[in-house]
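Visitor:
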Amino acid sequence: GAVKFITKGKTPLKQGWKLLWGKKKKSADILPLIQEGQEVKVTFKELEKDTKPPQYFTEGTLITAMKTAGKTLSDKEYQDLLRDVEGIGTEATRANIIEKLKKDGYIEIKKNKIHVTSLGQRLCRAAATSKLLV
Numbered sequence: 001g002a003v004k005f006i007t008k009g010k011t012p013l014k015q016g017w018k019l020l021w022g023k024k025k026k027s028a029d030i031l032p033l034i035q036e037g038q039e040v041k042v043t044f045k046e047l048e049k050d051t052k053p054p055q056y057f058t059e060g061t062l063i064t065a066m067k068t069a070g071k072t073l074s075d076k077e078y079q080d081l082l083r084d085v086e087g088i089g090t091e092a093t094r095a096n097i098i099e100k101l102k103k104d105g106y107i108e109i110k111k112n113k114i115h116v117t118s119l120g121q122r123l124c125r126a127a128a129t130s131k132l133l134v
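Quick note: the sequence shown uses full-length UniProt numbering, first residue 1, plus one each step.
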């Protein structure tokens, strides 16, 4: 099947003042002009770098994430649904939801950071495969 690739860069339309001062971009920064559908030769460069896990939530950042939940979902229908209901919970219930998760042993706070317990991880795995959520 077709594979979609994206590249980003700049293609100057006019040299303008750069012509006078001799400012030139590195050739790697300038994109060649191509037409849609045109076949091009691609060279792949494997990047070697370590990835970092996302930062742990604090109770404050988790409340913000609950308010804005759904913004990164790929399914537009679910994204719209969560936007319409203004995220997970309400202003009045979000802190209580976090407290209940702590009380029931699904999360714990270590050095002001929220950590999911093994019980919480099992719940997440079960919920992800549940037919009720599909």
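Ideal Cβ placement from N, Cα and C applies to all residues, glycine included.
Hey, Met66 and Gly87: beta-carbon distance below 9 angstroms or not?
Guide: Counting from one through the sequence shown, the residue named residue 66 turns up at place 66. Counting from one through the sequence shown, the residue named residue 87 turns up at place 87. The answer is yes: Cβ separation under 9 angstroms.
Visitor: Taking C-beta to C-beta, are Ile114 and Thr72 nearer than 9 angstroms?
Guide: Start at 1 with the first residue of the sequence shown, and residue 114 comes out as number 114. Start at 1 with the first residue of the sequence shown, and residue 72 comes out as number 72. Against a cut-off of 9 angstroms, the Cβ pair of Thr72 and Ile114 comes out as no contact.
Visitor: Of the choices Thr117, Thr68, Ile97, whose alpha-carbon is the least far from that of Tyr106?
Guide: For this step, residue 106 is matched to residue 106 along the sequence shown. Of the listed residues, the one whose Cα sits closest to Tyr106 is Thr117.
Visitor: What's the C-alpha gap between Arg94 and Lys76?
Guide: Translated into positions along the sequence shown, residue 94 becomes position 94. Translated into positions along the sequence shown, residue 76 becomes position 76. C-alpha separation (whole angstroms): 24 angstroms.
Visitor: Could you say which of Tyr56, Arg125, Leu62, Thr7 lies nearest to Thr43 if we only look at CA atoms?
Guide: As a working mapping, residue 43 is identified with position 43 in the sequence shown. Of the candidates Tyr56, Arg125, Leu62, Thr7, the one whose C-alpha sits nearest the C-alpha of Thr43 is Thr7.
Visitor: Straight-line CA distance for Asp80 to Ala127?
Guide: Working through the sequence shown from its first residue, we reach residue 80 at position 80. Working through the sequence shown from its first residue, we reach residue 127 at position 127. Their Cα atoms are separated by approximately 21 angstroms.
Visitor: What is the DSSP secondary structure of Lys110, counted as helix, strand or coil?
Guide: Walking along the sequence shown from the start, residue 110 turns up at place 110. Three-state DSSP puts Lys110 in a strand.
Visitor: Under three-state DSSP, which class holds Ile63?
Guide: Taking the sequence shown and counting its residues from 1, the one referred to as residue 63 is at position 63. Three-state result, Ile63: helix.
Visitor: Around the C-beta of Ile98, are 16 or more other C-beta atoms found within 10 angstroms, so that it is buried, or is it exposed?
Guide: Taking the sequence shown and counting its residues from 1, the one referred to as residue 98 is at position 98. Buried is the call here.
Visitor: Just grab the DSSP bridge partners of Val3 for me.
Guide: Against the sequence shown, residue 3 aligns to sequence position 3. BP columns for Val3 are empty, so no partner.
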